[in-house]
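Comments concern the structure below.
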Amino acid sequence: MGDGRADPRRQVPRTDALLADPRLAGAATTLGRDRVKAAVRQAQDRARRGEINPEAVRDAALAALPAPAPRAVLNATGVVLHTNLGRAPLSAAAVAALVAAAGHTDVELDLSTGRRARRGRDALAALAAAVPAAGAVHVVNNGAAALVLAATALAAGREIVVSRGELVEIGDGFRLPDLLTSTGARLREVGTTNRTTLADYAAAVGPRTGFVLKVHPSNFQVTGFTSAVPVRQLVTLDVPVVADIGSGLLAPDPLLPDEPDAATTLRAGAALVTASGDKLLGGPQAGLLLGAADLVDQLRRHPLARALRVDKLTLAALAATVVDPATPTRAALHADVGGLRRRTERLRDALAADGCKAEVVPAAAVVGGGGAPGVELDSWALSLPERYAGPLRVGDPPVLGRVVRGRLLLDLRCVPTDADEALRAAVLRVPGHR
Ligand SMILES: *Cc1c(COP(=O)(O)O)cnc(C)c1O
């Protein structure tokens with residue numbers, strides 16, 4: 330034992346001093362004080378055992394803390410709606426709305442009368458205002474739930490007439506026919522994979538028909554000798570037509586002329602439109618049901634509706650998204666190509682200043698996530714050697730790109746502009762970038 334002041338073990342920072350450090354204090358608000366304290370104690374012990382220097386205790390404690398899960402990532406894939414990356418990122422307005430809704434809210438109370446009110450009426454009113462052709466609106470957990478509710482309430486024990494060309498697999502092994510028959514409805518398949526005519530539907534429609542279902546082929550294309558029957562012709566059959574438009578566009582988007590939208594589909598005569606909230610609408614995961622007031626009311630009152638009910642956070646984010654549709658999804662879709670090229674060139678130049686050689690190459694972005702199959706959006710990408718892909722994916726923040734012919738392409742279309750610096754720093758942290 331020598332002089333106490335020279336003994337590094339005596340210089341281990343105190344717990345209260347460490348907990349007052351801004352970064353550890355910040356972690357304590359999100360992870361809880363107990364977890365941060367445990368990480369601090371462990372790091373102090375390591376210093377006392379001489380495994381790390383006393384000055385390294387704070388960083389060791391920080392490094393030992395679990396990252397919040399799920400982790401935020403930078404989507405440089407050029408896929409606007411990436412299901413594995415959580416589909417649509419929320420707008421700032423939607424984030425603010427859901428944070429505000431996290432506490433007690435008036436989600437189901439009319440403050441002026443003190444009585445119970447329609448749950449989520451702000452979101453419903455916003456949707457009704459955005460789609461005046463809808464007599465009424467209801468919101469459930471997701472697009473699949475919207476279909477399940479419609480099939481259960483309108484066709485259980487009866488038949489859903491649907492084209493063989495529209496019996497699609499959504500993704501991850503989930504298939505629409507299985508989803509629909511799980512409700513007790515029977516499928517009455519008509520037509521063939523590539524061609525279905527109005528006469529095919531007419532021959533199948535009868536007293537057992539619950540409704541005719543029109544499904545938008547949102548993740549594949551059939552080309553060549555094809556024909557399908559549009560909603561405006563199906564409505565001549567005198568049975569309700571339910572249209573699953575998938576993507577959630579409320580009004581037409583000239584950029585995506587083949588993508589159906591709720592307003593046009595309802596004006597064509599559909600009794601009910603179902604769609605997702607987190608695709609082209611750019612909002613939270615939700616299932617939208619818009620249509621004839623009596624049908625929507627029947628769905629809303631069905632016992633199953635309670636099991637598919639959405640959270641107050643979803644309702645808050647959805648209302649904000651519909652009121653102000655300037656979402657990151659829309660920004661990514663409509664990004665100016667010249668601007669993307671200049672951003673990518675600036676990033677290349679900034680990397681070059683640090684000795685990292687990248688190229689700027691033309692690229693093609695896609696909508697993804699069940700929307701506008703076959704549509705390619707002109708874009709630009711930063712091109713790096715493929716070996717950057719792994720380290721960037723497990724970096725902080727994780728950066729996801731696309732590997733094409735031995736090169737890693739980073740497309741800035743879906744990267745927020747204020748994240749360019751974080752992206753540059755992430756690339757420079759890849760070992761041996763020079
Ligand atoms: C995406 C999609 C669904 C499923 O919607 P979720 O919100 O993912 O449940 C159903 N039908 C179509 C046509 C779709 O594009």
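Residue numbering for the sequence shown follows my numbering, beginning at 330 and increasing consecutively. Glycine included, every Cβ here is placed at the ideal spot set by N, Cα and C. Remember, predicted model here, so these are calculated numbers, not experimental data.
For the beta strand (DSSP E) that residue i lies in, which residues bound it at each end?
{"i": "Glu518", "result": "Arg515 to Val519"}
{"i": "Val652", "result": "Element bounds for Val652: not the beta strand (DSSP E) but the alpha helix (DSSP H), Lys641 to Val652."}
{"i": "Thr603", "result": "Leu601 to Ser605"}
{"i": "Asp451", "result": "Segment Arg450 to Ala459 is the alpha helix (DSSP H) holding Asp451; no beta strand (DSSP E) there."}
{"i": "Thr510", "result": "First-last for Thr510: Leu505 to Thr510, but that is the alpha helix (DSSP H), not the beta strand (DSSP E)."}
{"i": "Gly699", "result": "Gly699 -> no beta strand (DSSP E), and no H or E assigned at all."}
{"i": "Thr538", "result": "Thr538 to Val544"}
Taking the alpha carbon of residue i as the point to measure from, which residue in the options has its own alpha carbon closest?
{"i": "Ala452", "options": "Ala423, Leu476, Cys743 and Leu478", "result": "Ala423"}
{"i": "Leu633", "options": "Thr412, Val696 and Val468", "result": "Val468"}
{"i": "Gly703", "options": "Gln550, Glu437 and Tyr530", "result": "Gln550"}
{"i": "Cys685", "options": "Arg758, Pro657 and Ala660", "result": "Arg758"}
{"i": "Val666", "options": "Arg561, Thr538, Gly407 and Arg343", "result": "Gly407"}
{"i": "Gly472", "options": "Ser547, Thr358, Asp388 and Ala446", "result": "Ser547"}
{"i": "Ser708", "options": "Ala682, Ala751 and His663", "result": "His663"}
{"i": "Arg672", "options": "Ile489, Ala646, Leu483 and Asp749", "result": "Asp749"}
{"i": "Arg447", "options": "Arg659, Gly699 and Val639", "result": "Val639"}
{"i": "Pro383", "options": "Asn413, Arg339 and Arg675", "result": "Arg339"}
{"i": "Ala398", "options": "Ala405, Ala390, Leu414 and Asp388", "result": "Leu414"}
{"i": "Leu579", "options": "Thr526, Leu566 and Leu647", "result": "Leu647"}
Can you tell me whether residue i is buried or exposed, with buried defined as 16 or more other CB within 10 angstroms of its CB?
{"i": "Leu584", "result": "exposed"}
{"i": "Gly333", "result": "Here Gly333 scores only 47 on pLDDT, less than 50, and its place in the model is too uncertain to base an answer on."}
{"i": "Lys608", "result": "buried"}
{"i": "Ala528", "result": "exposed"}
{"i": "Asp573", "result": "buried"}
{"i": "Arg753", "result": "buried"}
{"i": "Arg635", "result": "exposed"}
{"i": "Arg378", "result": "exposed"}
{"i": "Gly443", "result": "exposed"}
{"i": "Thr765", "result": "Look at the range of the chain in this structure, 330 to 763, and you will see that residue 765 is not part of it."}
{"i": "Met330", "result": "Confidence at Met330 is low in this model, with a pLDDT of 45, below 50, so its placement is unreliable and the value that follows should be read with caution. Exposed: under 16 other Cβ atoms inside 10 Å."}
{"i": "Gly355", "result": "exposed"}
{"i": "Thr434", "result": "exposed"}
{"i": "Arg445", "result": "exposed"}
{"i": "Cys743", "result": "buried"}
{"i": "Asp747", "result": "exposed"}
{"i": "Glu488", "result": "buried"}
{"i": "Ala500", "result": "Rather than Ala, the amino acid found at residue 500 in this sequence is Gly. Gly500 is exposed by the Cβ-count criterion."}
{"i": "Ala474", "result": "buried"}
Thinking C-beta only, is residue j closer than 8 Å to residue i?
{"i": "Gly485", "j": "Thr512", "result": "The question names Gly, yet the displayed sequence has Ala at residue 485. Yes, the pair counts as a contact, with Cβ atoms nearer than the cut-off."}
{"i": "Ala557", "j": "Ser576", "result": "no"}
{"i": "Leu509", "j": "Leu476", "result": "yes"}
{"i": "Val534", "j": "Val568", "result": "yes"}
{"i": "Gly616", "j": "Val409", "result": "no"}
{"i": "Pro657", "j": "Pro418", "result": "yes"}
{"i": "Leu618", "j": "Leu642", "result": "no"}
{"i": "Val560", "j": "Ala621", "result": "no"}
{"i": "Ala372", "j": "Val386", "result": "yes"}
{"i": "Arg515", "j": "Val490", "result": "no"}
{"i": "Leu721", "j": "Val728", "result": "yes"}
{"i": "Asn523", "j": "Gly553", "result": "yes"}
{"i": "Ala599", "j": "Val570", "result": "yes"}
{"i": "Leu478", "j": "His631", "result": "yes"}
{"i": "Val341", "j": "Ala390", "result": "no"}
Looking at the unbroken alpha helix (DSSP H) that takes in residue i, where does it start and where does it end?
{"i": "Leu563", "result": "Val560 to Leu563"}
{"i": "Lys366", "result": "Arg362 to Arg377"}
{"i": "Asp345", "result": "Thr344 to Ala349"}
{"i": "Ala426", "result": "Ala421 to Ala429"}
{"i": "Gly730", "result": "Careful: Gly730 lies outside any alpha helix (DSSP H) and carries neither H nor E."}
{"i": "Gly472", "result": "Gly472 to Ala484"}
{"i": "Glu674", "result": "Val666 to Ala682"}
{"i": "Glu750", "result": "Asp749 to Leu757"}
{"i": "Gly575", "result": "It is not in any alpha helix (DSSP H) - Gly575 instead sits in the beta strand (DSSP E) that spans Val570 to Gly575."}
Under 8 Å, Cβ to Cβ, is there at least one residue of chain C near residue i?
{"i": "Pro559", "result": "As a matter of chain content, chain C is missing from the structure shown, which is built from one protein chain."}
**Item:** Stretch pair the region 537–550 + the region 480–498: three plus CB contacts closer than 8 Å
**Value:** Yes: at least three Cβ pairs fall under 8 Å.
**Touching by the beta-carbon criterion (3+ pairs, under 8 Å), the region 422–441 and the region 676–690** = Contact fails: fewer than three Cβ-Cβ distances are below 8 Å.
**Item:** the region 583–597 / the region 453–466 touching (three or more Cβ pairs under 8 Å)
**Value:** yes
**Asked** Between the region 710–719 and the region 733–742, do at least 3 Cβ pairs fall closer than 8 Å?
**Response** yes
**Message:** Pairs of beta-carbons, one from the region 646–662 and one from the region 612–624, closer than 8 Å: are there three or more?
**Reply:** yes
**Request:** Decide yes or no for the touch test of the region 340–356 against the region 365–383: beta carbon pairs closer than 8 Å, at least 3 of them.
**Result:** yes
**Request:** Any chance you could list the residues with Cβ under 5 Å from a heavy atom of ligand 3, keeping chain order?
**Result:** This structure lacks ligand 3; the ligands present are ligand 1.
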